[in-house]
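The next block holds one structure in the form of structure tokens; read it before the comments.
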Amino acid sequence: MKIVLSAAYVLPGTTEETEETQRRGKRTGGAVTGWDITPSGVESILSLVGLAADDLGKDIKGYGTSVEEAARRAGTISGPYCGAAPTGPVGAAVANFVSDTQAQITFMAARIKKTMDGTVEATAAYIDGDLAMAARSQREAAKVPTAAELRAVAGQADRQGGGE
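Numbering follows the UniProt record's numbering, with no gaps: position 7 of the sequence shown is 7.
So, in structure tokens, the structure goes:
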């Protein structure tokens with residue numbers, strides 16, 4: 001099941017708040033009082049985020065290769081030596097930078113994945129809630145009217161002149 005959400009929260013009074021959201025009263029006082037999620041819109045947004053995440057993954061992979069090459073070539077000590085050229089201070093600094101930023105890059109990738117997974121789960125729960133509400137409403141509608149409901153309808157008919 002592919003799900004996409006397009007739900008944005010905008011603080012009241014900001015320029016992005018539309019007349020429609022003000023009219024519906026969905027957002028008041030800075031707190032979400034209702035949800036207006038379009039699963040197809042969520043799917044569209046997640047597809048775009050997925051493409052961006054794929055591009056980011058390729059960029060990170062390329063970054064690693066490029067930085068490794070830069071560290072190897074930058075500041076190497078030249079002269080006669082056996083084996084690989086020893087790394088100089090610039091190469092060591094580049095390698096340290098990569099080592100120090102690795103955790104941040106890993107965190108960023110994990111955050112993107114977790115956010116996308118959470119969005120899919122939240123949308124599925126929203127859809128399931130809608131289905132559950134629809135099923136409950138359908139069950140209630142199929143029940144035999146109660147005595148109070150019959151009296152209410154009869155009273156309404158009497159007031160409209162149809163209960164004589």
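Even glycine gets a Cβ: it sits at the ideal position worked out from N, Cα and C.
If you check the CB distance, Ile105 and Ile37 do not come in under 7 Å.
Secondary structure at Ala74: coil, using DSSP grouped into helix, strand and coil. DSSP, read as helix, strand or coil, puts Pro145 in coil.
With a threshold of 16 other beta carbon atoms within 10 Å, Pro89 falls short and is exposed. In this structure Leu131 is exposed. Its beta-carbon is surrounded by fewer than 16 other beta-carbon atoms within 10 angstroms. Around the CB of Gly91, 16 or more other CB atoms lie within 10 Å, so the residue is classed as buried. Phe97 and Val42 have their C-alpha atoms roughly 37 Å apart. With respect to the 7 Å criterion, Ala71 and Ala95 are classified as neighbours on the basis of their beta carbons.
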